[in-house]
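The sequence shown begins at 39 in the working numbering and counts up one residue at a time.
The structure appears below as structure tokens.
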Amino acid sequence: MELSRPVVMDEIFERSQIRPAYQAIVDLAHGDVVAVEALARWPELGVDPGTAFGYGQSQGRIVELDSLCQRAAIEGLRGSDLPPGFRVFVNVEPGSSVAALTERTTGPRLVAEITERALLRKPAELLRSVRRMRGRGCGIALDDVGAVPDSLSLLPFLAPDVIKLDISLVQGWP
């Protein structure tokens with residue numbers, strides 16, 4: 039859907055139209071669900087996530103949108119019977135604050151998932167954010183690793199707990 043009308047994005051921000059969806063993360067050795075990744079959706083507005091985040095980026099509101107998505111993800115888990123230590127992966131833009139996010143949740147262990155495509159934008163800010171997130175008890179995951187080869191040089195400094203490979207690296211495997 040084309041976001042030609044800013045009012046659609048304003049509805050996402052002002053009316054909190056974000057609905058979380060949870061994608062299972064499975065331990066392939068045992069077949070057990072070991073975590074979920076929280077994803078943002080806007081079914082009432084018919085807006086796909088890529089378009090919404092692209093628009094948020096172009097309007098300088100990406101951190102605000104990111105925070106709204108994080109809150110929706112955690113609120114969506116309220117009252118669920120997640121086992122202790124269960125991990126919830128939440129996408130985080132470098133520069134976003136996870137302070138409110140980590141204060142809102144008890145029970146599941148949060149894993150801040152940072153896309154590799156964002157690593158080289160502001161590396162010093164990213165490293166500070168990762169340090170703050172770890173200080174608040176968050177795990178760190180890198181998504182789309184291998185999509186931007188130059189960013190691999192940051193891996194030793196970030197020391198992620200989880201590395202999720204970019205689909206281009208595994209496409210076509212038997």
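Here a beta-carbon is modelled for each residue, glycine too, at the ideal position from N, C-alpha and C.
Just so you know, these numbers come straight off a predicted model, no measurement behind them.
By the Cβ-count criterion, L207 is exposed, with fewer than 16 other Cβ atoms from all chains shown falling within 10 Å of its own Cβ. The beta carbon of I63 lies closer than 8 Å to those of V71, V72, A73, V74, E75, R125 and F127 in the same chain, with the five residues before and after it left out. Taken through DSSP and simplified to helix, strand or coil, G92 comes out as helix.
Unbroken beta strand (DSSP E) stretches of 3 residues or longer found wholly inside the region 107–131: 125–129, given in chain order. Selection G184, L190 and L180 evaluated against P198 yields L180 as nearest (Cα-Cα). Counting C-beta pairs with one atom in each stretch, the region 54–61 and the region 109–117 have three or more that are closer than 8 Å, which means they touch.
A residue is called buried once 16 or more other Cβ atoms fall within 10 Å of its Cβ, and A67, having fewer, is exposed. Taking V200 as the centre and dropping the five residues before and after it, the same chain places the C-beta of A179 closer than 6 Å to its C-beta, in chain order. Following the DSSP letters along the chain, one finds L158 in no alpha helix (DSSP H), marked with neither H nor E. Inclusion of L157 and S189 in the CB contact set at 8 Å is warranted, their separation being smaller than that value. The three-state reading of DSSP puts I56 in coil, since its state is none of H, G, I, E or B. Between F91 and L103, the C-beta spacing is below 8 Å. Around the beta-carbon of D119, fewer than 16 other beta-carbon atoms lie within 10 Å, marking it exposed.
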